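Residue numbers (this note's numbering), protein chains in the order written: chain A, 24 to 315; chain B, 627 to 1406; chain C, 5 to 164. Ideal Cβ placement from N, Cα and C applies to all residues, glycine included. Keep in mind the model is a prediction, meaning the values are calculated, not measured.
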Amino acid sequence: MKPVRFDYFAPSSTEEALDTLAELGYNGKVLAGGQSLIAAMNFRMARPAALVDLNNIPELAYIKPTADGGLAIGTMTRVSQVEKNPEVAKRYPLLAEVSKFIAHPQIRARGTFGGAIAHADPAGQLPSIAVVMNMELVILGKGRERRVLAPDLIVGPFMTVIEPDEMLAQVVLSPLPPKTGSKYIQVSRQKGGYAQAAVSSVVTLDDKGNCKNVRLVFMAVGEVPILSQKAAEILVGNPPSVEAYKEVAEAAMDEIDPATDLHGTADYRRNLVRVLTVRCLDEAFERAKRGG
Amino acid sequence: MTGKYFGQRETRLEDPQLLTGKAQFIDDIVIPGMLHAAFMRSDYAHARIKKIDVSAALKRPGVVAIYTAEDFGDYWKPGPLQVPPPTAIKGSQFNARTLVPIAKDKVRFSGEPIAIVIAESRYIAEDAFDDIIFDAEPLPAVVDLEKAWEDTSVLVHEDLPSNMAALVKQEAGNYEEAKKNADVVISRKLYADRNAGAAMENRGLVVEWNDRKEEMTVWATSQAPLPLRGAIAGRLGLVDNQVRVEIPFIGGGFGPKVMTSQTDDVLLPWIAMKLNRPIKWIEDRRENFLGTTSERDQVHYCEIALKKDGTILGFKDVFYHNTGAYDSYGMTVPLNTQTHTVNNYRVPNFYTEIRMVFTNEMVVTPVRGAGRPEGVFIMERMLDIAAKELKMDPAEIRRKNLLTPAEFPVHTGIIGQDFVEGVLDTGDYKGNLERVLEMVDYEKFRKEIQPKARKEGKHLGIGVVTFTEGTSVGPYEGARVTIGNNGKVSCSTGYSTQGQGHYTVFAQIVAEQLNVKPKDVKVITGDTDHFHWGAGTFASRGAAIAGTAMHLAAVKVREKTLATGAKFLEVPVEEVDLCEGYVCVKSDPKKQISLGELAFKANPMRGTIAPGVEPGLEATAYFAPPYGATGSGAVALILEVDPETVEAKIKRFVIVHDCGTVINPLILEGQIQGAVSMGIGNVWYEKITYDENGQLLTASFMDYLMPQATDMPDRIEIGHAVNTTPLNPLGIKGVGEAGAIPTPPAFIQALEDALPEYNLELLESNLYPARVYEQLKKDA
Amino acid sequence: MSKLFPVTVTVNGQKYSREVEARMLLSDFLRHELGLMGTHVGCEHGICGACTIIFDGEAVRSCLMFAVQANGHNIRTVESLGTPDNLHPLQESFTEKHALQCGFCTPGFLMTLTPFLEQNPRPTEEQVREAIDGNICRCTGYEKIIEATLDASKKMSSGK
């Protein structure tokens, strides 16, 4: 299984990359970690006419604190670097936690943080986490820059608003308020394999111990990561409780649209979301109580 | 039975080469001027070929030639049967429709090759597929086994009146009579689903025709070098000794690599001669799923008749077996199913019927277990269901019916894959069961551990099954042992190796007889220039059959060496012995002659040798068993199940195994552990799945899940029993397939046991959490 | 149309310069351009791990990289570990514990474990099991691979 021929560009600066992408237009495709793209090319399912390889642009890989106490992560930062970074673990334990579920260490050594988000795999962990954490994506084109929030970035399976002559350059994470807890939980057939369903949440408590804010995302049960609309309705302003989580889980059944495939029916996936939503919220709120 | 080397945990002689990347596998073979082949394969499962237009593809730079069926003229014909038809079984019907080397007129499975592209590189060869126009008229696909049997409106082979490939009925005793005395009769429909061998290395073939010497060398990932050589030479009109088949290191066999007369070995040698260029073909992973054989795929209608105390009166099984689009491998797989259904137990009345059907799916040939797992699966499941109905403990119902040593040898009345009546030679089946129950602490689990866990909200379940494994069947194998002038020993055999450690195990056998170090014994397997008689690697027969031949040859060399040495040392032969590389006088060990010197003297450059004496210290021996020896064992498996997500984790895996005499306990453990991992894969992760149009849905590792390290229990606890066999002088039985056979029914019994409140009844061999979840909802 | 790109890469301490098509996979480059056959190809999907090499100090799948991407980088393959007469302690442990049967997946495991043991000189059994989870073995069932790794880690960290 060998890929088809393609033209290849290896720019050494962001500017050069954007020039090349502008020239290539619809024919150009960004090559970041390649862990999804090259596999698809080996199957000849992906047949890009030209690749713009970003791996020779060191200025695109970094993890830097931002002025407001958040983090800015360059798109070419390897997933393994995010996984192991102490600043990330301190400020965003959810990121460190979810990394361990992403395939295997050999894939994480090459796969990039931005690349995984831009790939928008409905069963991909990082696009889902980007939505639950409301990350801001900085998209560059030749001579222009725009910022998009994660829920607006992903518009369909493997589809984002990034234009063919644009590239994702940076991911910005806002600081988390105090008394915030988060949790990622999934069911997959095997460790490191595709999740059959996953739930992630970021919850914040107020001084009285009631829920102040909640973001709950369902993964691999629709064409895009699904941000729950009902969770906030049910939980905000109330003390967290297992009964409330179960209510959210039931409401989720109308919010998700799982598929049936070789490894499971839509019904089974619904069941997983029902179970995992409760377990996820339970743990997230426990962590919030403990101080995140 | 342990000696200085025999029975010892010797580390493997082949390891240093393998560990350092030096060992040569098929894709490592590079010959100047070599071209690369790629097979374009049909997506359609069933279609009439109208036209294959390769004209555009031929114009692509780097493409050297393209062949379709028509280009081969008379050379194209359906291949031979790999295994004889079941004429030994009275009343059997068999329609031979053997594998064709490349589709002609009609495509019969998705993945069947329709064109061969020869190019400067594999990359370019694959590019050429885009240029080839394949015009075909799709036909409905035959995929359901029962429908295939009954419905004659769509025929896989249109020259037959139906899709029946074979009908074989066997009976011991009289089931219908016995049933009349039953207190309980239970019937169920059971499914045995399909698995791939999925060795880490895919198949491959490299062929070089030397036009000046008029000799051909073929390197192949084959478990059957000698049948391969004979077939290639025969087809091309060459003399056998013009063709050399050399088997490199193989990255795992597991069964599918025993199949010959496929596209590669039939057509590439012809092409190599035609183009006068060496040709290499390396299968890729997608092709391996589509176009290399796989196995299991049966539908069973079972019935068991029992007394209310659990005694089995009789068992009846009518089953549909999928042979795929062609049936080159005869009845081997379903016959193994027939012979393994009742083998552990006293079943005086057993009726079994094979309805083998052609379908529009890839051909079925043995994969580790080769039909045995299906037989064991149905019996163990029926016993579990009977146990529930009779309110008996699953271990108890087995205990009640297991054959006892006093009853051996047991003439089963059922003819097996070697076309003789199956005879159970030795074994202590009850002993296996008691031992596994003891090792897993069954009583304690049932009375303390399981209830305690339930109170804590944990769902633990246990499964206990027994099994037999028919091994070491004929026809025969041979070996030659030769002591060289430096005292080191050359051995060769027609048998071939795919990682089982033959280079070491055979060396241990010879080293034991000749009292030399195993590292001074060099074993060559699978090279037809070195040894040209043999059948192949299958049915766990290496140690017992090839090993015995190696042993017999070594014994002859030992005798000749002692006699020759005694003559040279001028003492009677009773007074000499073999001492670590020398023949020495027992009473005066300083009086000695080295083996190398003796070998030199036994091959004089002048003078003469006595009539009837052959030169050198060498012997060749062959061994043919009257029938196969049967190994046996038992498994106990403890699962923890999450009732909400139905995820399952194996907490303990205990296997008791009896393979008679053990040559290398370290290698034995490896075989058992590896086969168990395949059994775990089979029951909980793997499943070859075709859709209703005959499209293969599992053509990659994304869809066909392979067991990983974290899917395995922390330990596979192994208990050994040794009941040697009288069928070969060393008392060895095979073991290669053992772990794969009992694992699925043990796992399934444990699943049901972990979720008793749901009254689960699982009747399929390949499961996964979502499937069990569906069943939970139905059965609850 | 087959444009060639220069690749200069250091493999096992030796510098190589070649010109290749952009689409040539790194696995094919190492094997067929450089003749380093120890790295094996099992799937080209990035799942089986047989093609694992060490790239700039980290274990990666060579079937999911193009050779051109290795330009200017540093690679180690199994050939760098040891020779039949001079096995690396990890290779020694593998043979002592019977951690290989057909040997096809073995170079991939060794290349996964080499940087793992450098970063985790005294791993627990659990850590080893997780570290090898991205490498598939069809023959051994993994138990002896884990045993061998723990054995090697003891040997190596005690300075033998």
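{"Asked": "Collapsed DSSP secondary structure at D809/B in the structure displayed", "Found": "coil"}
{"Asked": "Residue-level contact to chain C via CB, R67/A, 8 Å cutoff", "Found": "no"}
{"Asked": "Cross-chain neighbours of N78/A in chain C, by beta carbon under 8 Å", "Found": "Q73"}
{"Asked": "From A1260/B, A1262/B and V1209/B, residue whose alpha carbon lies closest to that of L1243/B", "Found": "V1209/B"}
{"Asked": "Own chain partners of P1395/B with C-beta closer than 8 Å, once the 5 adjacent residues on each side are dropped", "Found": "T1271, V1272, E1273 and A1274"}
{"Asked": "P262/A (DSSP reduced to helix, strand or coil)", "Found": "coil"}
{"Asked": "Delimiting residues of the beta strand (DSSP E) encompassing W907/B", "Found": "I905 to I908"}
{"Asked": "Backbone CA spacing between M156/A and L816/B [nearest angstrom]", "Found": "48 Å"}
{"Asked": "Chain C contacts from the segment 90-116 of chain A (Cβ-Cβ distance under 9 Å)", "Found": "R101 and S103"}
{"Asked": "Delimiting residues of the alpha helix (DSSP H) encompassing W896/B", "Found": "T889 to L901"}
{"Asked": "Residue interval of the alpha helix (DSSP H) (run including H1177/B)", "Found": "G1173 to L1195"}
{"Asked": "Sub-8 Å separation of E1103/B and G1120/B beta-carbons", "Found": "yes"}
{"Asked": "Residues in the segment 1317-1331 of chain B having any Cβ partner in chain A nearer than 8 Å", "Found": "L1323, T1324, S1326, M1328, D1329 and L1331"}
{"Asked": "Candidates G940/B, V973/B, E921/B and D935/B: closest to T949/B by CA position", "Found": "E921/B"}
{"Asked": "Strand pairing of M24/A, partner residues [DSSP]", "Found": "Paired residue(s): none; M24/A is not in a bridge."}
{"Asked": "Among E802/B, K685/B and D819/B, the one whose alpha carbon lies nearest that of F755/B", "Found": "K685/B"}
{"Asked": "Proximity winner among E1343/B, K942/B, D1067/B and G1222/B, relative to V1115/B (alpha-carbon distances)", "Found": "G1222/B"}
{"Asked": "Beta-carbon proximity check, P111/C vs S157/C, cutoff 8 Å", "Found": "no"}
{"Asked": "Secondary structure of K52/A, DSSP reduced to three states", "Found": "strand"}
{"Asked": "Cβ distance (whole Å) where R67/A is taken to contact P26/A below 8 Å", "Found": "7 Å"}
{"Asked": "Those residues which DSSP pairs with D943/B across a bridge", "Found": "C928/B and T978/B"}
{"Asked": "I657/B, DSSP secondary structure in three states", "Found": "coil"}
{"Asked": "Coil, strand or helix - F1132/B by DSSP", "Found": "helix"}
{"Asked": "Contact list for V64/C against chain B, beta-carbon separation under 9 Å", "Found": "Per Cβ cutoff of 9 Å: no residues; V64/C is ~17 Å from chain B at best."}
{"Asked": "For Y1330/B, the three-state DSSP class (helix, strand or coil)", "Found": "coil"}
{"Asked": "Of the listed residues I130/A, R212/A and L160/A, nearest to R170/A (C-alpha basis)", "Found": "L160/A"}
{"Asked": "Selection from V656/B, I657/B and E640/B that minimises the alpha carbon distance to A649/B", "Found": "E640/B"}
{"Asked": "Top-ranked residue by Cα proximity to E1343/B, from P1352/B, V884/B, I1264/B and S1391/B", "Found": "I1264/B"}
{"Asked": "Any C-beta of chain A under 8 Å from that of T1271/B", "Found": "yes"}
{"Asked": "The alpha helix (DSSP H) enclosing Q131/C, as first and last residue numbers", "Found": "E129 to A135"}
{"Asked": "Identified DSSP bridge partners for R674/B", "Found": "K732/B and E763/B"}
{"Asked": "Distance CB(G1320/B)-CB(V769/B) smaller than 8 Å", "Found": "yes"}
{"Asked": "Burial state of H1037/B (16 or more Cβ within 10 Å)", "Found": "exposed"}
{"Asked": "Separation of G138/C from A1364/B, as counted between CA atoms", "Found": "26 Å"}
{"Asked": "Cβ distance (whole Å) where L34/C is taken to contact V15/C below 8 Å", "Found": "7 Å"}
{"Asked": "Beta-carbon neighbours of P125/C, restricted to chain B and to distances below 9 Å", "Found": "Per Cβ cutoff of 9 Å: no residues; P125/C is ~20 Å from chain B at best."}
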